[in-house]
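**Q**
As structure tokens, this is what we get:
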């Protein structure tokens, strides 16, 4: 009699964990979207108020500080994100092999 009860309890616990994981993912996505939207608004506000040159200097300073952060995890994450962004906005050119031009 106890075994079916334990199986139902285990199934309910497993379902609860799945629902909690799903809720956590949805919250994380929602928070990430909110942060991204606020960053866009902040960027446009900074550029409007201070100009692109000053805003670029502020980003350069902030990136330098993050890359010098005492936490290796923070530095690695920032570097990975920076490299991903570089590839998105300035993709590497494919190596094009040119035949040497023969001089006559």
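In the UniProt record's numbering, the protein residues as written are 1 to 104.
Cβ coordinates follow ideal geometry from the N, Cα and C atoms, glycine included.
None of these values were measured; they are calculated from a predicted model.
#1: Can you look up residue 71 in the DSSP assignment and give me helix, strand or coil?
#2: Can you give me the start and stop residues for the alpha helix (DSSP H) that residue 45 sits inside?
#3: Report the CB separation of residue 67 from residue 60 in whole angstroms; it is logged as a contact under 8 Å.
#4: Which whole-angstrom value describes the C-beta separation of residue 55 and residue 47, a residue pair presumed to lie in contact below a C-beta threshold of 8 Å?
**A** With the given structure in hand:
#1: In this structure, residue 71 counts as coil in the three-state DSSP scheme.
#2: It spans 2–50 - the alpha helix (DSSP H) in which residue 45 sits, taken as one unbroken run.
#3: The Cβ separation is near 11 Å, so there is no contact.
#4: Sure, about 5 Å apart at Cβ, within 8 Å.
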